[in-house]
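Asks: Okay, here's the structure, questions in a sec.
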Amino acid sequence: MSSTKILPESDVTPRTSHGDGDHERFSHYADKNKITESYVTGAPVRALCGKVWVPSRDPKKYPVCPECKEIYEGLPKGKPSDD
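Residue numbers for the sequence shown follow this note's numbering, beginning at 325 and rising by one.
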């Protein structure tokens, strides 16, 4: 005779280094080409802060992630284009 156990519910949401859920309230910086590719393929991208997600919302509606902004501002500046 077999028995059935009901397992407690568990959180299956992937965890990020942020841990507090605030990363969902921000727009994040990531490679522009990777974001475009993600819109087409649905493949996840990694933000500068380490958050991995599939872009699906208008980033202009959210403030910029402070961690992404700090990292971005610390990157070396590229040469201006000749446009």
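Glycine included, every Cβ here is placed at the ideal spot set by N, Cα and C.
Got a sec, what are the start and stop residues for the alpha helix (DSSP H) Y363 sits in?
Replies: As a working mapping, residue 363 is identified with position 39 in the sequence shown. Looking at the DSSP string, the run of the alpha helix (DSSP H) that includes Y363 is 356-365.
Asks: Distance, Cα to Cα, G402 vs P368?
Replies: To locate residue 402, count along the sequence shown from 1; it is residue 78. To locate residue 368, count along the sequence shown from 1; it is residue 44. In a straight line, the C-alpha of G402 is about 26 Å away from that of P368.
Asks: Spell out whether any CB of chain B is found under 8 Å from the CB atom of C373.
Replies: Absence of chain B from the displayed structure is noted, only one protein chain being present.
Asks: Measuring CA to CA, which of E361, W377, N357 is closest to E348?
Replies: Here residue 348 corresponds to residue number 24 of the sequence shown, with the count starting at 1. Ranking E361, W377, N357 by Cα distance to E348 puts W377 first.
Asks: Can you tell me whether R370 is helix, strand or coil according to DSSP?
Replies: Reading the sequence shown from its first residue, position 46 is the one you call residue 370. In the structure shown, R370 sits in a strand (DSSP, three-state: E or B).
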